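Colleague: Following my numbering, the numbering of the sequence shown begins with 122 at its first residue and continues without gaps.
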Amino acid sequence: MGFRVRGFFILGAILAAFAGANAAELKEARVTQIIRDVRLLPNAAPARPAVVNDPVRDGTAVRTGIESRTELTFPDATLARLGANTIFSFTEGTRNLELTDGAMLLRVPKNAGGAKINTAAVTAAITGTTVMLEFHKNSYVKFIVLEGTGRIFLPSHLGESVLVRAGQMLIAKPDAKNLPNPVDVDVRQIRKTSRLIRSFGKMGSENLIAQTEAAQDEERAEGELYETNLAIYGGGTSIILNDQEHIQETQIAAEQNPSPPPVVPP
Numbered sequence: 122m123g124f125r126v127r128g129f130f131i132l133g134a135i136l137a138a139f140a141g142a143n144a145a146e147l148k149e150a151r152v153t154q155i156i157r158d159v160r161l162l163p164n165a166a167p168a169r170p171a172v173v174n175d176p177v178r179d180g181t182a183v184r185t186g187i188e189s190r191t192e193l194t195f196p197d198a199t200l201a202r203l204g205a206n207t208i209f210s211f212t213e214g215t216r217n218l219e220l221t222d223g224a225m226l227l228r229v230p231k232n233a234g235g236a237k238i239n240t241a242a243v244t245a246a247i248t249g250t251t252v253m254l255e256f257h258k259n260s261y262v263k264f265i266v267l268e269g270t271g272r273i274f275l276p277s278h279l280g281e282s283v284l285v286r287a288g289q290m291l292i293a294k295p296d297a298k299n300l301p302n303p304v305d306v307d308v309r310q311i312r313k314t315s316r317l318i319r320s321f322g323k324m325g326s327e328n329l330i331a332q333t334e335a336a337q338d339e340e341r342a343e344g345e346l347y348e349t350n351l352a353i354y355g356g357g358t359s360i361i362l363n364d365q366e367h368i369q370e371t372q373i374a375a376e377q378n379p380s381p382p383p384v385v386p387p
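(1) With distances taken from CA atoms, which of 230, 289, 239 and 250 is nearest residue 256?
(2) Under the three-state reduction of DSSP, which class applies to residue 327: helix, strand or coil?
(3) Tell me whether residue 157 is buried or exposed, calling it buried when 16 or more other Cβ atoms sit within 10 Å of its Cβ.
(4) From the DSSP output, which residues share a beta bridge with residue 171?
(5) Considering only C-alpha positions, which residue in the set 296, 318 and 283 is nearest to residue 227?
(6) Look at the alpha carbon of residue 104 and the alpha carbon of residue 249, and state the distance between them as a whole number of angstroms.
(7) Which first and last residues belong to the alpha helix (DSSP H) in which residue 313 is found?
(8) Alpha carbons only, please: which of 297, 266, 260 and 267 is nearest the one belonging to residue 276?
(9) My understanding is that residue 261 touches residue 293, with C-beta atoms under 8 Å, so please give their C-beta distance in whole angstroms.
(10) Assuming residue 179 and residue 212 are in contact, meaning their beta carbons sit under 8 Å apart, how far apart are those beta carbons, in whole angstroms?
(11) Is DSSP giving residue 202 helix, strand or coil here?
(12) In the DSSP assignment, find the beta strand (DSSP E) that holds residue 415 and state where it starts and stops.
(13) Threshold first: 3 residues or longer. Then list the beta strand (DSSP E) segments lying entirely within the region 218-300, N to C.
(14) In the DSSP output, what is residue 317 paired with across the bridge?
(15) Can you tell me whether residue 279 is buried or exposed? The criterion is at least 16 other CB atoms within 10 Å of its CB, across all chains shown.
(16) Check this for me: beta carbons of residue 159 and residue 183, under 8 Å apart or not?
(17) How is residue 216 classed by DSSP in three states: helix, strand or coil?
(18) Thinking C-beta only, is residue 300 closer than 8 Å to residue 91?
(19) Which term fits residue 273, buried or exposed, when burial requires 16 or more other beta carbons within 10 angstroms of its beta carbon?
(20) At the level of alpha carbons, what is the spacing between residue 186 and residue 343?
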């Protein structure tokens, strides 16, 4: 298979394009599903357990506990699912989401404009896309596109960005000064193993994800896609690579840096 190298763009212009000039601002979300321990963290009040249909507004973070997950739905049908041990918030009046720590799945409908997911290491800009992002301090950042496209930026390095297409994953060091090329991943295997998909109902982009799977089937039949045996376990996007030798070789070729160590299930 070939890895598609992405170019560099001016950060502000590209983020504005992804956000969409006419995109509806995110004013609040509703808690639509809770699995085990999920808490709301208001700025000016003590933390409290979340309940289904709770509003989540600017100034309130959402935190999940061990083996816990939750789903938040915005009025425009933008959907955020949070994995275990995750802290998430958003800025009212914008389309900016904050992943302080943990793992999340974000689905933005095609007609809803774009969104940005900010972490301490990278910013992900998406529009009409379903993605998964995992960030932990002092650990590798993982960004997976299930359908559509997304662009990863290094906010501290102006112009450094990589476009990630459907069926690809980007893994970057938390202190990276440049970004590696994305690598291809098995979307069907991710769909079957991720609790951010299996533990919830339909999210509205299943047909588009199926198109990604069908395209990968064609590439596999033509010998253009290598079987990675990638699976998603645990609370969100924790990645297990069963064929580690090949993946390490692939990552070295793509990044010109040693591959990250395998992640063990939580």
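Ideal placement from N, C-alpha and C gives every residue a C-beta, glycine not left out.
Since the model is a prediction, treat every value here as computed from it, not as a measurement.
Modeller: Let's see:
(1) For the purposes of this step, residue 256 is identified with residue 135 of the sequence shown, where counting begins at 1. The shortest C-alpha separation from residue 256 is found at 239.
(2) Within the sequence shown, numbered from 1, the residue matching residue 327 stands at position 206. If DSSP states are grouped into helix, strand and coil, residue 327 belongs with the helices.
(3) As a first step, residue 157 is located in the sequence shown; it is residue number 36 there, counting from the start. With fewer than 16 other Cβ atoms within 10 Å, it is exposed.
(4) Counting from one through the sequence shown, the residue named residue 171 turns up at place 50. Residue pairing by DSSP leaves residue 171 without any beta bridge partner.
(5) As a position in the sequence shown, residue 227 is number 106, starting the count at 1. Of the candidates 296, 318 and 283, the one whose C-alpha sits nearest the C-alpha of residue 227 is 318.
(6) Look at the range of the chain in this structure, 122 to 387, and you will see that residue 104 is not part of it.
(7) On the sequence shown, residue 313 is found 192 positions in, with the first residue counted as 1. 308-314 is the span of the alpha helix (DSSP H), which, as asked, contains residue 313.
(8) As a working note, residue 276 is residue 155 in the sequence shown. The option with the nearest alpha carbon to residue 276 is 297.
(9) On the sequence shown, position 140 is the one that residue 261 refers to. On the sequence shown, position 172 is the one that residue 293 refers to. Taking the Cβ atoms as the reference, residue 261 lies roughly 7 Å from residue 293, within the contact range of under 8 Å.
(10) Residue mapping note: residue 179 aligns to position 58 of the sequence shown, counting from 1. Residue mapping note: residue 212 aligns to position 91 of the sequence shown, counting from 1. With 8 Å as the limit, residue 179 and residue 212 qualify as a contact, their Cβ atoms being about 6 Å apart.
(11) Residue 202 sits at position 81 when you count from the first residue of the sequence shown. Residue 202: strand per DSSP, three-state reduction.
(12) Look at the range of the chain in this structure, 122 to 387, and you will see that residue 415 is not part of it.
(13) Qualifying beta strand (DSSP E) stretches, in chain order: 235-239, 244-248, 251-256, 262-268, 270-274, 282-286 and 289-293.
(14) Against the sequence shown, residue 317 aligns to sequence position 196. Under the DSSP definition of a beta bridge, residue 317 lacks any partner.
(15) Walking along the sequence shown from the start, residue 279 turns up at place 158. With fewer than 16 neighbouring CB atoms inside 10 Å of its own CB, residue 279 falls in the exposed class.
(16) In the sequence shown, counting from the first residue as 1, residue 159 sits at position 38. In the sequence shown, counting from the first residue as 1, residue 183 sits at position 62. Taking a C-beta distance under 8 Å as the contact criterion, residue 159 and residue 183 qualify as a contact pair.
(17) For the purposes of this step, residue 216 is taken as the residue at position 95 of the sequence shown. Residue 216: coil per DSSP, three-state reduction.
(18) The question about residue 91 has no answer, for the chain in this structure spans 122 to 387.
(19) What you label residue 273 is simply residue 152 of the sequence shown in a count that begins at 1. When all chains shown are included, residue 273 counts as buried.
(20) Residue 186 sits at position 65 when you count from the first residue of the sequence shown. Residue 343 sits at position 222 when you count from the first residue of the sequence shown. Going by C-alpha positions, residue 186 is about 44 Å away from residue 343.
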